[in-house]
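S.K.:
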Amino acid sequence: MFEAQMKDAIAGGDEKKRKHQMTWEVAHINFKRTRAVYDACYRTKTISVKCLDYCCEMSFVDAGLIRRWRIGGYETLCCTACVQSAGKTGTCACRVPGKTLSNPCATCGCIFFFSQQGTAHTQGLLRLFNRICPRCFCTLL
Numbered sequence: 074m075f076e077a078q079m080k081d082a083i084a085g086g087d088e089k090k091r092k093h094q095m096t097w098e099v100a101h102i103n104f105k106r107t108r109a110v111y112d113a114c115y116r117t118k119t120i121s122v123k124c125l126d127y128c129c130e131m132s133f134v135d136a137g138l139i140r141r142w143r144i145g146g147y148e149t150l151c152c153t154a155c156v157q158s159a160g161k162t163g164t165c166a167c168r169v170p171g172k173t174l175s176n177p178c179a180t181c182g183c184i185f186f187f188s189q190q191g192t193a194h195t196q197g198l199l200r201l202f203n204r205i206c207p208r209c210f211c212t213l214l
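Under my numbering, the first residue of the sequence shown carries the number 74, and numbering increases by one thereafter.
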């Protein structure tokens, strides 16, 4: 499922999108795929840690993102590029404390604040999956 979505995202270039928006769909699919495997291992316990390690070794999931999610305060990180300081002047929306909406992150398109609490985190993920611009209500993906 995720593999087919990823191929479609890579192949489907839209001239209407800005240059940095081209990678948003790829980052979004990478996030969903990695979150699904992470939740299966640590929340529902349907797969073992050994299976998760294998997925990381074979690059089926983003190992850096899983490593960050295991660190306190990074549970809501949308991509590893959002914590890299090289070449960036601001902070991604998923890392901003408080109920603040900011401009979309140029790297991944993240536009919504994620709370550190579990229930608000789930609601934030649903908003991320829908990706609706708060200004003009257009769908970002």
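Beta carbons: idealized from backbone N, C-alpha and C, even for Gly. Model, not experiment: these values are computed from the prediction.
Check the C-beta distance from residue 215 over to residue 97 and give it rounded, since I have them as a contact under 8 Å.
M.R.: This structure leaves residue 215 out entirely; the chain is present only between 74 and 214.
S.K.: Could you pull out every residue in the same chain whose Cβ sits closer than 7 Å to the Cβ of residue 107, ignoring the five residues on either side in sequence?
M.R.: The residue labelled residue 107 in the question sits at position 34 within the sequence shown. Excluding sequence neighbours, residue 107 sits near 134, 135, 138 and 139.
S.K.: What's the call for residue 77, buried or exposed, on a 16-neighbour Cβ count within 10 Å?
M.R.: The residue you call residue 77 lines up with position 4 of the sequence shown. The residue is exposed, with fewer than 16 neighbouring Cβ atoms inside 10 Å.
S.K.: Applying the criterion that 16 or more other CB atoms from any shown protein chain within 10 Å of the CB defines a buried residue, is residue 122 buried or exposed?
M.R.: For the purposes of this step, residue 122 is taken as the residue at position 49 of the sequence shown. Classification for residue 122: exposed.
S.K.: Among residues of its own chain, excluding the 5 on either side of residue 124, which ones have a beta-carbon nearer than 8 Å to its beta-carbon?
M.R.: As a working mapping, residue 124 is identified with position 51 in the sequence shown. 114.
S.K.: Can you give me the C-alpha to C-alpha distance between residue 111 and residue 146, rounded to a whole angstrom?
M.R.: Residue numbering aside, residue 111 sits at position 38 when the sequence shown is read from its first letter. Residue numbering aside, residue 146 sits at position 73 when the sequence shown is read from its first letter. When rounded, the distance between both Cα atoms is 16 Å.
S.K.: For residue 108, name the three-state secondary structure that DSSP assigns.
M.R.: Mapped onto the sequence shown, residue 108 falls at position 35. Of the three classes helix, strand and coil, the one that applies to residue 108 here is helix, per DSSP.
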